[in-house]
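Structure first, then comments.
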Amino acid sequence: MVFILLNYKTFDEGTGQKSVDIARACRDVSESSGIEIAVAPQFADLFRVSSSVDIPIFAQHVDGIGSGSNTGQVYARCLREAGATGSLINHSEKRMTLADIERSLLSLYENRMRSVVCTNNVATTAAAAALSPDYVAIEPPELIGTGVPVSKANPGIITDSVEAARKINKKVIVLCGAGISKGEDLKAAIELGAGGVLLASGIIKAKDPKVALEDLVSLI
Ligand code: G3P
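Letter by letter, the sequence shown follows residues 990 to 1209 of the working numbering.
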């Protein structure tokens, strides 16, 4: 089953009440297409979105800490209480050490939440797959936010990542991201072996996010 995860980053277009409007568009397009579309709003909008829309909700980051003296850190249990069912880990804009990635994954497992570990090349994809997340999302940093789709600019990084992950852990699903916005980008990603996409600006900053989402799923 194809999986789409929409990262809101800190775009104004997805902040506050707009986070709910975009989540509603995702729900509508998910219902009409049958494709799972999850959203990753900012932390402070998680509860607002989960209270309004019944689709999978991810955090943009989680720390591998538990209850205690951890000021400013992100606690998986609190994310779950806010309605999140998963989290991104190690996004290019929020890099972590391998040890910290493992701790964050453990905190998600303990809270029965889904995990997406982002990676920047084939070697880090293999390392991430060894930690058994649900998904690894390969995103070449130089293509993020450019509108140039990874599935066209660097298809080899997707096929090589799929192969590398498969060798390490067959259960891990590889997503790809960076510059994805159109139906042809998603179709190409799936043809290259990805299980779905992680994307942001092409939808969040679109004039009409719902129309952009409809185009995204139109060829699947
Ligand atoms: O997390 C998604 C991401 O980094 C890709 O961003 O704007 O190129 O879709 P974008």
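Positions of the beta carbon are idealized from the N, C-alpha and C atoms, including for glycine.
Alpha carbon of residue i to alpha carbon of residue j, nearest angstrom
i     : j     : result
L994  : R1092 : 22 Å
A1195 : P1122 : 31 Å
A1119 : P1045 : 25 Å
P1142 : E1131 : Position check: residue 1142 holds Ala in this sequence, whereas Pro was assumed. Cα to Cα, A1142 sits roughly 11 Å from E1131.
I1133 : L1187 : 11 Å
E1082 : G1182 : 25 Å
G1191 : Y997  : 11 Å
Q1062 : Y1098 : 18 Å
T999  : I1078 : 16 Å
F1036 : L1208 : 32 Å
N1100 : H1050 : 15 Å
G1053 : I1090 : 8 Å
G1055 : A1065 : 8 Å
A1189 : G1057 : 33 Å
Residue i, buried or exposed, once every other Cβ within 10 Å from all chains shown has been counted against 16
i     : result
R1069 : buried
A1201 : buried
A1117 : buried
T1135 : exposed
G1005 : exposed
N1059 : exposed
S1021 : exposed
D1204 : buried
Residues near residue i by beta carbon distance below 6 Å, same chain, minus five either side
i     : result
A1153 : V1111, T1114, A1115
H1080 : C1107
S1041 : V1009
S1150 : V1111, T1114, I1127, V1163
P1144 : L1181
Pair within 7 Å by beta-carbon distance, residue i and residue j
i     : j     : result
F992  : G1166 : no
P1198 : I1011 : yes
P1138 : G1168 : yes
C1107 : A1088 : no
S1039 : G1072 : yes
A1048 : S1076 : yes
L1164 : Y1124 : yes
Cutoff 8 Å; reference residue i; Cβ partners in own chain excluding five residues on either side
i     : result
K1007 : D1001
T1148 : L1181, G1182
D1043 : R1016
Cβ shell of residue i (< 7 Å), same chain only, five flanking positions each side left out
i    : result
M990 : E1025
Practice problem: Determine, using beta-carbon pairs with one atom in the stretch 1003 to 1023 and one in the stretch 1169 to 1178, whether at least three such pairs fall under 8 Å. | Solution: Verdict: no, contact absent.
Quiz prompt | Stretch pair the stretch 1146 to 1159 + the stretch 1028 to 1043: three plus CB contacts closer than 8 Å | solution = These segments do not touch.
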